[in-house]
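Per our numbering, the very first residue in the sequence shown carries number 297; after that it's consecutive.
These notes are about the structure you will find just below.
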Amino acid sequence: MRVEMEPGAIRLLPHQTLRVRDGAGATICAREGTVWITEEANPQDVVLEPGGCYRLRHAGLTLVNGFGDAAITLN
């Protein structure tokens, strides 16, 4: 079965990490799979299920990691 990705979506392979620098104000949305987000200067991590979104609150480095195959948008 082939799943069409949303235009502009970023595919994350299992345990692949996306680094976002100084993304404060940007929104990450999980389109497929589950993703884990950790922001520099934020003691709480975020886990997004498909359809969930999170607005980055801090400057610095943010890491986005897929638990298995995942796809996100970053706006």
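Cβ coordinates follow ideal geometry from the N, Cα and C atoms, glycine included.
Bear in mind the structure is a predicted one, so any value in this text is a computation, not a measurement.
For residue i, the nearest candidate out of the options (CA to CA)
| i | options | result |
| --- | --- | --- |
| ALA355 | ARG317, LEU370 and ILE333 | ARG317 |
Same chain, Cβ closer than 7 Å to residue i, five either side skipped, listed in chain order
| i | result |
| --- | --- |
| ARG353 | ALA320, GLU335 and ASN338 |
| MET304 | The sequence shown places Gly at residue 304, rather than the Met named in the question. Around GLY304: THR369. |
Cβ neighbours of residue i in the same chain (closer than 6 Å, five flanking residues each side left out)
| i | result |
| --- | --- |
| VAL343 | TRP332 |
Per DSSP, cross-strand counterpart(s) of residue i
| i | result |
| --- | --- |
| ASN361 | THR313 and TRP332 |
| ARG351 | THR323 |
| ALA367 | ARG307 and GLU328 |
Cβ-Cβ distance between residue i and residue j below 8 Å
| i | j | result |
| --- | --- | --- |
| ASN283 | THR323 | Nothing about residue 283 can be read from this structure; the chain reaches only from 297 to 371. |
| ARG327 | PRO346 | yes |
| LEU359 | ARG315 | yes |
Residue i to residue j span [Cα, whole Å]
| i | j | result |
| --- | --- | --- |
| GLY329 | CYS349 | 13 Å |
| ALA366 | THR313 | 11 Å |
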